[in-house]
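Enquirer: To start, I am sharing the structure in question, which I have written as structure tokens.
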Amino acid sequence: MLWDFLQGVLRVFHYVPGDVEWAWDGRQLWLLQYRPISDYGWRRHLTAANIAEILPPQPSRLVEYAQRRAAGSIPAIMARWDSRVLQDNEPFTALFGAASYINNDLFLARLADWGVASSSYADEVGGAAPHLPWRPLRLLRSLPVFLRMQRVARGHLLTLEKQLHRFDRELHALTAQGADGQQLADWFTRFYVFVVQGNLCIATSLASSGGDLLGRPPTAYDDLEHCPHRLPWETDPATPRPAAADLPLQAFPTWPGIIRVAHRAGLPGMRGYYLQVREWYRDNLMRLFFRLHHAMPSADRADWFASHPDIRSRAGSFWQDGREGTEQATGFMIYPGQVQGILGDDILLEDTLDPGRHAHYQNARAVIARMGGRLSHGSTLLRELRKPSAVLPNVDMAWVGKEVRYRDGELLLVEGQ
């Protein structure tokens, strides 16, 4: 009753942060006073996982501008399958130390409603999350939501190609008009909303895919030759690029008839094909980012391509009031194998798995990351490369520069050093 009352108060005052003074007379709740406040110490659970995998600790002003403006609009796609997202009014990203982090509360609130364990979310995106157990009764009650979620998300995948071409035409038109940096930044904000909403629908399709029984076709990572748009920190349009080149958008993957039927019918076993869609989508996004980089006028580059002044200094997951979480990120094997070499040289030790570092990963004997998700872009890349690899959060940094042995998800110091 109190929760519903407070939610109602927030809606009346348009979710402006404030102090609520209320009273209970034994029969009902009364609002006495609502005092708007300029700053509020939110207690959200935030994470650098996923965002640290694709953006540098100090992204460009262009990216930070788009992230902040888009944060409130992105969750609307989730409201198509659960309207409680709109009631919570949680942004996709939130600030800590004036830098943007993924807002775990946006997702954890829904998992709690659905009876889904938080470990399933943390394993997929990386990092850690507060403990939420499986709740079978809530799961059963949420079956209609899951079916609607699957139908909406899978249907959205078939619209991505058309929307990509629409944004491509818009960017061509802006470039032809000689658009300035502000116009391009506003276009990028709308594009950023589309990008993340598309990724949320792909992630939802993956989560409900029911394994890869129907096969695992090659992804865009199967052919990374002559790809000037794929490079470290490629998700930031300000990252220096090679000279402009003609990089047309690639067509949606061609699926056999049986796969198209399985997709439309909501059948399980589609994970491999949804991974293929995800990496096709990302590759096309990077083509547009490449084009945006070269479209930015020289006179505006110093402003929009400059690093944002506030650094994303926190790694892993934590509370927005600054407290460390007590949860421990789990390690896992990405691809099996047995190799031996110097840690930090032959065997790479990465904070996160940036798919733009594909050339470095290809030349390494093995790759160890301190943070990452089972279905992240980087993990998918390493499986495609068949590169021995794992996510191991607790690697002893004293081992860097020493000879170690990687064996099927374990890292061991070679004796006698």
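Take 99 as the starting number for the sequence shown in the working numbering and just add one per residue.
Just so it is clear, CB atoms sit at the ideal spot from N, CA and C, and this is done for glycine as well.
My output table needs one value for Tyr163: the three-state DSSP class, helix, strand or coil.
Expert: Tyr163: helix per DSSP, three-state reduction.
Enquirer: For Ile356, count the other beta carbons within 10 Å of its own beta carbon; 16 or more makes it buried, fewer makes it exposed. Which is it?
Expert: With fewer than 16 other Cβ atoms within 10 Å, it is exposed.
Enquirer: Answer with buried or exposed for Ala221, where buried requires no fewer than 16 other C-beta atoms within 10 angstroms of its C-beta.
Expert: Rather than Ala, the amino acid found at residue 221 in this sequence is Asp. Counting Cβ neighbours within 10 Å, Asp221 comes out buried, since at least 16 surround it.
Enquirer: Extract the residue ranges of the beta strand (DSSP E) inside the region 414-469, only unbroken runs of 3 or more that lie entirely within it.
Expert: Counting only runs of 3 or more, we get 415-417, 430-433, 436-440, 445-448 and 464-467.
Enquirer: In chain order, what residues of the same chain have a beta carbon less than 6 Å from the beta carbon of Gly471, not counting five sequence neighbours either side?
Expert: Contacts found: Glu222, Val223 and Gly224.
Enquirer: Ordered along the chain, which non-local residues of its own chain (more than five positions away) have a Cβ less than 8 Å from that of Leu272?
Expert: Excluding positions up to five away in sequence, the list reads Gln281, Leu282, Trp285 and Ala393.
Enquirer: Find out if the Cβ-Cβ distance for the pair Gln418, Arg166 is shorter than 8 Å.
Expert: Going by C-beta atoms, Gln418 is not nearer than 8 Å to Arg166.
Enquirer: Under three-state DSSP, which class holds Arg141?
Expert: The answer is coil: DSSP assigns Arg141 none of H, G, I, E or B.
Enquirer: Find out if the Cβ-Cβ distance for the pair Pro173, Val183 is shorter than 8 Å.
Expert: In contact: Pro173 and Val183 (Cβ atoms closer than 8 Å).
Enquirer: Could you check how far apart the C-beta atoms of Gly80 and Val498 are, in whole angstroms? I think they sit under 8 Å.
Expert: The chain is shown only over 99 to 515; residue 80 falls outside these bounds and no answer can be derived.
Enquirer: Using three-state DSSP, classify Asp117 as helix, strand or coil.
Expert: Correct three-state label for Asp117: strand.
Enquirer: Given a cut-off of 8 Å on the beta-carbon distance, is the pair Leu446 and Lys500 in contact?
Expert: Taking 8 Å as the Cβ cut-off, Leu446 and Lys500 do not qualify as a contacting pair.
Enquirer: Would you identify the three-state DSSP class for Glu188, choosing helix, strand or coil?
Expert: If DSSP states are grouped into helix, strand and coil, Glu188 belongs with coil.
Enquirer: Grab the span of the alpha helix (DSSP H) containing Glu513 for me, first residue to last.
Expert: Glu513 -> no alpha helix (DSSP H), and no H or E assigned at all.
Enquirer: Express the C-alpha separation of Leu206 and Ser303 in angstroms, rounding to a whole number.
Expert: Between Ser303 and Leu206, the C-alpha separation is close to 18 Å.
Enquirer: First and last residue of the alpha helix (DSSP H) that includes Glu377?
Expert: Here the alpha helix (DSSP H) through Glu377 covers Arg369 to Ala393.
Enquirer: Looking at C-alpha atoms only, which residue of His458, Ile135 and Arg339 is the closest neighbour of Asp443?
Expert: Of His458, Ile135 and Arg339, the residue nearest in Cα terms is His458.
Enquirer: On the CB-based measure, 16 or more other CB atoms within 10 Å of its CB, does Ile149 come out buried or exposed?
Expert: Per the 10 Å Cβ criterion, buried.
Enquirer: Can you name the start and end residues of the alpha helix (DSSP H) that Ala301 belongs to?
Expert: From DSSP, the alpha helix (DSSP H) with Ala301 extends over Gly279 to Ala305.
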